[in-house]
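Have a look at the structure below before the remarks.
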Amino acid sequence: MDPVFLSRLQFAAATMFHFLFVPLTLGLSVLIAYMETKYARTGDKTYLRMTKFWGKLFLINFALGVVTGITLEFQFGTNWSRYSAYVGDIFGSLLAIEASVAFFLESTFIGIWIFGWKKLSAKAHAGVMWLVALAGNLSAVWILMANGFMQNPVGYVIKDGRAELESFMALITNKHGLLEIIHVVPASLLLASFFIMGVSAWHLLRKQHLPVFERSFRIGLVVGLVMALFTAFTGDLHGINVSKTQPAKLAAMESHWETQTRAPLVLFAIPDQENEKNLIEIGAIPGILSFLGFHDFNAKVTGLLDIPKDERPPVLPTFVGFRTMVGLGTLFILLTIYGWFKRNNLTENPTYLKIMLFAIPLPYIAMEMGWIVSEVGRQPWIVYGLMRTAEAVSPISTTQVFISLTGFILVYGLLGLVGFYLMAKTVKQGPEAAN
Amino acid sequence: MELQAIWFFLWGLLWAVFFMTDGFDFGIGTIYPFAGKTDTDKRTMLNAMGPLWDGNEVWLITAGGVTFAAFPLVYATMFSTLYTPLMLILFALIFRGVAIHFRGKIDTPAWKRVWDFLIFIGSFVPALLFGVAFANIFQGIPFDGQGFYHGHTLKLLNPYGLLGGVLFVLLFIVHGANWMAVKSTGKLQARMAAISQKTWLALVPVAVVFLLASYFATDLWANYFRYPVLFIVTLVNVAALLSIRYFVANKTYFKAWFASAATIVLCTFFGIIGLFPALFPSSLHPDWHLTAFNASSSPLTLKIMLGVVVVFIPIVIGYQIWAYHLFKDPVTEEDLDMDEAY
Numbered sequence: 001m002d003p004v005f006l007s008r009l010q011f012a013a014a015t016m017f018h019f020l021f022v023p024l025t026l027g028l029s030v031l032i033a034y035m036e037t038k039y040a041r042t043g044d045k046t047y048l049r050m051t052k053f054w055g056k057l058f059l060i061n062f063a064l065g066v067v068t069g070i071t072l073e074f075q076f077g078t079n080w081s082r083y084s085a086y087v088g089d090i091f092g093s094l095l096a097i098e099a100s101v102a103f104f105l106e107s108t109f110i111g112i113w114i115f116g117w118k119k120l121s122a123k124a125h126a127g128v129m130w131l132v133a134l135a136g137n138l139s140a141v142w143i144l145m146a147n148g149f150m151q152n153p154v155g156y157v158i159k160d161g162r163a164e165l166e167s168f169m170a171l172i173t174n175k176h177g178l179l180e181i182i183h184v185v186p187a188s189l190l191l192a193s194f195f196i197m198g199v200s201a202w203h204l205l206r207k208q209h210l211p212v213f214e215r216s217f218r219i220g221l222v223v224g225l226v227m228a229l230f231t232a233f234t235g236d237l238h239g240i241n242v243s244k245t246q247p248a249k250l251a252a253m254e255s256h257w258e259t260q261t262r263a264p265l266v267l268f269a270i271p272d273q274e275n276e277k278n279l280i281e282i283g284a285i286p287g288i289l290s291f292l293g294f295h296d297f298n299a300k301v302t303g304l305l306d307i308p309k310d311e312r313p314p315v316l317p318t319f320v321g322f323r324t325m326v327g328l329g330t331l332f333i334l335l336t337i338y339g340w341f342k343r344n345n346l347t348e349n350p351t352y353l354k355i356m357l358f359a360i361p362l363p364y365i366a367m368e369m370g371w372i373v374s375e376v377g378r379q380p381w382i383v384y385g386l387m388r389t390a391e392a393v394s395p396i397s398t399t400q401v402f403i404s405l406t407g408f409i410l411v412y413g414l415l416g417l418v419g420f421y422l423m424a425k426t427v428k429q430g431p432e433a434a435n
Numbered sequence: 001m002e003l004q005a006i007w008f009f010l011w012g013l014l015w016a017v018f019f020m021t022d023g024f025d026f027g028i029g030t031i032y033p034f035a036g037k038t039d040t041d042k043r044t045m046l047n048a049m050g051p052l053w054d055g056n057e058v059w060l061i062t063a064g065g066v067t068f069a070a071f072p073l074v075y076a077t078m079f080s081t082l083y084t085p086l087m088l089i090l091f092a093l094i095f096r097g098v099a100i101h102f103r104g105k106i107d108t109p110a111w112k113r114v115w116d117f118l119i120f121i122g123s124f125v126p127a128l129l130f131g132v133a134f135a136n137i138f139q140g141i142p143f144d145g146q147g148f149y150h151g152h153t154l155k156l157l158n159p160y161g162l163l164g165g166v167l168f169v170l171l172f173i174v175h176g177a178n179w180m181a182v183k184s185t186g187k188l189q190a191r192m193a194a195i196s197q198k199t200w201l202a203l204v205p206v207a208v209v210f211l212l213a214s215y216f217a218t219d220l221w222a223n224y225f226r227y228p229v230l231f232i233v234t235l236v237n238v239a240a241l242l243s244i245r246y247f248v249a250n251k252t253y254f255k256a257w258f259a260s261a262a263t264i265v266l267c268t269f270f271g272i273i274g275l276f277p278a279l280f281p282s283s284l285h286p287d288w289h290l291t292a293f294n295a296s297s298s299p300l301t302l303k304i305m306l307g308v309v310v311v312f313i314p315i316v317i318g319y320q321i322w323a324y325h326l327f328k329d330p331v332t333e334e335d336l337d338m339d340e341a342y
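Chains W and V, in that order, give the protein sequences.
Quick note on UniProt numbering: the first sequence kicks off at 1 and runs consecutively.
Quick note on UniProt numbering: the second sequence kicks off at 1 and runs consecutively.
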């Protein structure tokens, strides 16, 4: 066990745990702002009950998202000080902009939203929620831009042994970052929609609070359908970009060993990184991988064998992660299309409602898998082609990292349990009574 | 003034504003288990900071982010050499954050006891450790030219470091009690005013001892003797500290809070001015000091970030003042009855 491995584990645990709460708050904030606006405009109390019910669930997630986010910002300094010193000129500024432009706005206005029901008019209060939603998603934009730099460094020049900013414009128009934004932000809305549909399904199955949950389900369905299609579309764009800028990641995503034209898509495989081949390979469809990677059936796709051994990412997690994400993405499209045809008589389709209830975890899994593809697939680089993860770690002792990692796992584990318990309790309680 | 010097003082200012804003939250959390005699008292205290503490905490994120952006080498060295205390602070902040949000979610004494304890830990530990950390930075941290740490974490708890910690805790308690006096009525308000006054009696000697100890333990005074005009900052600081007592005795609690806010900002600047141009001095060798001039980002980054900060920080201050204004009245029973209240 070395500090690099432990620090990676700690960062992975902290990021993935953080990302259990953030997508829901991003997506839900927009949907709640919409519901509250409907209330402010029409005075329809059902929309107020919806706003308050989903608002409670939103706040539990918000609290957990914020506290786990703070530790992430500081981990770059504590555990990855070599990285911070090397690219801080660029990466640090994106984080600082995120804090001063977006996170301030979100955190200040969330306090006003929680406590301001009687101090503000209905319209102003709904406006506050729009600011929260805007600021939260703006935070995501800056963070994804920062990640985009790690994936595809642009706008820098190496000077005095570190990366210095050369073009801020290049940095904020980084194609990789922009593609991440148009994939991840809609995916968060998709996740929030499935959350709303799943929770609503639970109540609809029990035939309780029908006005609130029929309406909520429909909002979730419309947004979910649009976002499922849009996420698939932007995922495809993202894939084409990755195949050009990060060939090693593409090869690992597909467990593709030999460089070839008309590269086949393998439906199922068990990668064997040690022996540089696939143990089992079932259903290779010629040309499809070339098409998916480059929109050309005859394109040449680089195989892992043509990438130096010490520049290959771990194949198994990248491969499995990618397949799971794409498979689930397809399922989301099918589920929402089916739901669209049943939208007017949901309560007469208990099987569909049950499926939607049990589908709540699926977008979470898809998003975590997406991060595994993105981050593990980038290894061994912390900044693609520029700095290796192993060179980025702080000169700290293994013991320090081991103790803090144990702390993270314990505290986050407990927080996860408490958060889940409170959410389940809030869901069961249902919305306030109509009066 | 040079760009790097401007950034040095902006860096100091962001930390000062963080201590000024979140400082009273830490103070309230520290006295919370002792001053809150009833559940209503406790809820009043939580709801007094409820609408504001989230936004206050972001000053820490921004201070951290700006250190990263403007002085990456300081960010890297500061947080990796102070690894253990920073992790303790982060865990404490996690506890505080969830505890404030979750305490009221279930109405049983056992549930509340757990979160009450964590609110205290989550406020007291950061207050103490930020003070310890900054006092140690004033003395210099044992790291070499490669950023390797040659000290022992427990050595941070040396007498001067602990004195800094105690000073911070007392300052924040006075500041928090002043805010509570603004935000409460009746018996609770009287109790808070008394806490502010009693703690002030302890704060003054500790502040004096800290200033004297700084002469022996650090080089902070050197800049003052070089440019005696800087003593004005210290004099204003003393005036602000003394006026707290006056305003509390006069029951003009908002002015008292303002005075404690000014005291905290000026105390931070006492150190910042003394440090200049170093942000993170090495106690091993002056050549290894990380200063505004050898640890900064490129001029382009500093310029762009200055643009961002000059435009957005006033906007932030603007809407935060609006939020403070919106929630300036004492917490009432009606507030506590609200479904959303903590």
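Glycine included, C-beta positions come from ideal geometry on N, C-alpha and C.
What you are looking at is a predicted structure, and each value in this text was computed from that prediction instead of being measured.
| message | Does the stretch 328 to 339 of chain V come into contact with the stretch 95 to 112 of chain W, if we say contact requires no fewer than three beta-carbon pairs (one atom in each stretch) closer than 8 angstroms? | response | no
| said: Any beta carbon from chain W within less than 8 angstroms of V:Lys-328's own beta carbon? | reply: Within the second sequence, residue 328 of chain V is the residue found at index 328, counting from 1. So, not an interface residue.
| CB contact check: V:Gln-4 to chain W, cutoff 8 angstroms | Residue mapping note: residue 4 of chain V aligns to position 4 of the second sequence, counting from 1. No, V:Gln-4 does not count as interfacial toward chain W.
| field | Residue span of the alpha helix (DSSP H) that contains residue 424 of chain V, given as start and end | value | No answer is possible for residue 424 of chain V: it lies beyond the span of chain V, which begins at 1 and ends at 342.
| request: List the residues of chain V whose Cβ lies closer than 7 angstroms to the Cβ of W:Phe-103, in chain order. | output: For the purposes of this step, residue 103 of chain W is taken as residue 103 along the first sequence, with counting starting at 1. Chain V residues near W:Phe-103: Val-58 and Ile-61.
| Does the beta carbon of W:Trp-130 sit closer than 8 angstroms to a beta carbon anywhere in chain V? | As a working mapping, residue 130 of chain W is identified with position 130 in the first sequence. Not an interface residue.
| request: Compute the distance between the beta-carbons of V:Phe-138 and V:Thr-218, then report whether it is under 8 angstroms. | output: Within the second sequence, residue 138 of chain V is the residue found at index 138, counting from 1. Within the second sequence, residue 218 of chain V is the residue found at index 218, counting from 1. Closer than 8 angstroms, so yes.
| request: Taking W:Pro-308 as the reference, give the member of W:Ile-337, W:Lys-249 and W:Thr-261 with the closest Cα. | output: In the first sequence, the residue the question calls residue 308 of chain W occupies position 308. Nearest option by C-alpha distance: W:Lys-249.
| field | Buried or exposed by the 16-neighbour rule on C-beta atoms within 10 Å, applied to V:Pro-239 | value | Taking the first residue of the second sequence as position 1, residue 239 of chain V is located at position 239. For clarity, residue 239 of chain V is Ala in the given sequence; the question names Pro instead. That one is exposed.
| said: Just to confirm my understanding: we take W:Ala-359, look at its own chain, exclude 5 residues before and 5 after, and list those with CB closer than 7 angstroms. What are they? | reply: Against the first sequence, residue 359 of chain W aligns to sequence position 359. Result list for W:Ala-359: Phe-194, Gly-198 and Leu-335, in chain order.
| said: I want to see whether chain V comes within less than 8 angstroms of W:Phe-230, judged by CB atoms only; does it? | reply: One-based indexing of the first sequence puts residue 230 of chain W at position 230. Not an interface residue.
| said: Looking at the ligand ZN, does it come within less than 7 angstroms of V:Met-49, judged from the CB to the closest heavy atom? | reply: Among the ligands in the structure shown, none appear at all, so the ligand ZN cannot be discussed.
| said: Assuming the contact rule is C-beta atoms closer than 8 angstroms, V:Leu-284 and V:Thr-77 should be a hit. Round their C-beta distance to whole Å, please. | reply: Along the second sequence, one-based indexing puts residue 284 of chain V at 284. Along the second sequence, one-based indexing puts residue 77 of chain V at 77. The Cβ separation is near 13 angstroms, so there is no contact.
| query | Counting Cβ pairs, one atom from each stretch, are 3 or more of them under 8 angstroms apart for the stretch 57 to 66 of chain V and the stretch 375 to 390 of chain W? | reply | no
| query | Between which two residues does the alpha helix (DSSP H) containing W:Phe-408 stretch? | reply | As a first step, residue 408 of chain W must be located in the first sequence, where it is residue number 408. Unbroken alpha helix (DSSP H) run through W:Phe-408: 398 to 429.
| message | On the criterion of 16 or more Cβ atoms from any shown chain inside 10 Å, does V:Gln-4 qualify as buried, or is it exposed? | response | Indexing the second sequence from 1 puts residue 4 of chain V at position 4. Buried, since its Cβ has 16 or more Cβ neighbours within 10 Å.
| Length-filtered (4 minimum) alpha helix (DSSP H) runs lying within the stretch 97 to 148 of chain W | 104 to 115
| field | C-beta contact flag for V:Val-248 and V:Ala-256 at 8 angstroms | value | Position 248 of the second sequence, counted from the first residue, corresponds to residue 248 of chain V. Position 256 of the second sequence, counted from the first residue, corresponds to residue 256 of chain V. For V:Val-248 and V:Ala-256, yes; Cβs fall inside 8 angstroms.
| query | Mind listing which residues of the stretch 60 to 94 of chain V have their C-beta closer than 7 angstroms to chain W's C-betas, in chain order? | reply | Ile-61, Thr-62, Gly-64, Gly-65, Val-66, Phe-68, Ala-69, Pro-72, Leu-73, Tyr-75, Ala-76, Thr-77, Met-78, Phe-79, Ser-80, Tyr-83, Thr-84, Leu-86, Met-87, Leu-90, Phe-91, Leu-93 and Ile-94
| query | If you draw a straight line from the alpha carbon of W:Phe-213 to that of W:Thr-426, how long is it in whole angstroms? | reply | Numbered from 1 along the first sequence, position 213 holds the residue referred to as residue 213 of chain W. Numbered from 1 along the first sequence, position 426 holds the residue referred to as residue 426 of chain W. Their Cα atoms are separated by approximately 14 angstroms.
| What first and last residue would you give for the beta strand (DSSP E) that runs through W:Leu-265? | For the purposes of this step, residue 265 of chain W is taken as the residue at position 265 of the first sequence. Run containing W:Leu-265: 265 to 272, per the beta strand (DSSP E) assignment.
| query | With 16 other CB atoms within 10 Å as the buried threshold, where does W:Asp-306 fall? | reply | Within the first sequence, the letter at position 306 stands for residue 306 of chain W. Burial call: exposed.
| message | Which residues in chain V have a C-beta closer than 7 angstroms to the C-beta of W:Ser-404? List them in chain order. | response | Against the first sequence, residue 404 of chain W aligns to sequence position 404. Within chain V, the residues near W:Ser-404 are Met-87.
| What does a CB cutoff of less than 8 angstroms around V:Ser-297 pick up in its chain, not counting 5 residues either side in sequence? | Against the second sequence, residue 297 of chain V aligns to sequence position 297. Excluding sequence neighbours, V:Ser-297 sits near Ala-69, Ala-70, Phe-71, Pro-72 and Met-305.
| task | Could you please tell me which residues of the stretch 186 to 203 of chain V, in chain order, have their CB closer than 8 angstroms to any CB of chain W? | result | none
| field | Closest by C-alpha distance to V:Gly-151, when choosing among V:Trp-53, V:Gly-307, V:Leu-82 and V:Arg-103 | value | Position 151 of the second sequence, counted from the start, is the residue given in the question as residue 151 of chain V. With distances taken between Cα atoms, V:Gly-151 lies closest to V:Leu-82.
| message | Using a Cβ-Cβ cutoff of less than 7 angstroms, which residues in the same chain neighbour W:Glu-391 once the five nearest sequence positions on both sides are dropped? | response | The residue you call residue 391 of chain W lines up with position 391 of the first sequence. Closer than 7 angstroms at the Cβ level, and outside the excluded window around W:Glu-391, lie Arg-82.
| request: Would you kindly report the start and end of the unbroken beta strand (DSSP E) that includes W:Asn-278? | output: Taking the first sequence and counting its residues from 1, the one referred to as residue 278 of chain W is at position 278. Looking at the DSSP string, the run of the beta strand (DSSP E) that includes W:Asn-278 is 277 to 285.
| query | For V:Lys-105 and chain W, any beta-carbon pair shorter than 8 angstroms? | reply | Reading the second sequence from its first residue, position 105 is the one you call residue 105 of chain V. At least one chain W Cβ lies under 8 angstroms of V:Lys-105.
| Given a threshold of 16 other Cβ atoms within 10 Å of its Cβ, counted over all protein chains shown, does V:Gln-146 qualify as buried or as exposed? | Within the second sequence, numbered from 1, the residue matching residue 146 of chain V stands at position 146. Exposed, by the Cβ-count rule.
| message | Taking DSSP's pairing of strands, which residues face V:Thr-291 in a bridge? | response | Locating residue 291 of chain V in the second sequence gives position 291, where the first residue counts as 1. According to DSSP, which records beta bridges pairwise, V:Thr-291 is partnered with V:Ala-278.
| Does any CB atom of chain W fall closer than 8 angstroms to the CB of V:Ser-297? | Position 297 of the second sequence, counted from the first residue, corresponds to residue 297 of chain V. V:Ser-297 counts as touching chain W.
| request: Using a Cβ-Cβ cut-off of less than 8 angstroms, list which residues of the stretch 296 to 322 of chain V approach chain W; keep chain order. | output: Ser-297, Ser-298, Leu-300, Thr-301, Ile-304, Met-305, Val-308, Val-309, Phe-312, Ile-313, Val-316, Tyr-319 and Gln-320
| Start and end of the beta strand (DSSP E) containing W:Ala-163? | Along the first sequence, read from residue 1 onward, the residue named residue 163 of chain W stands at position 163. Where W:Ala-163 is concerned, the enclosing beta strand (DSSP E) stretches over 162 to 165.
| If you compare alpha carbons, which of W:Ala-269, W:Ala-252 and W:Asp-296 is closest to W:Val-315? | On the first sequence, position 315 is the one that residue 315 of chain W refers to. Of W:Ala-269, W:Ala-252 and W:Asp-296, the residue nearest in Cα terms is W:Ala-252.
| query | In chain order, what residues of the stretch 4 to 20 of chain V put their CB closer than 7 angstroms to some CB of chain W? | reply | none
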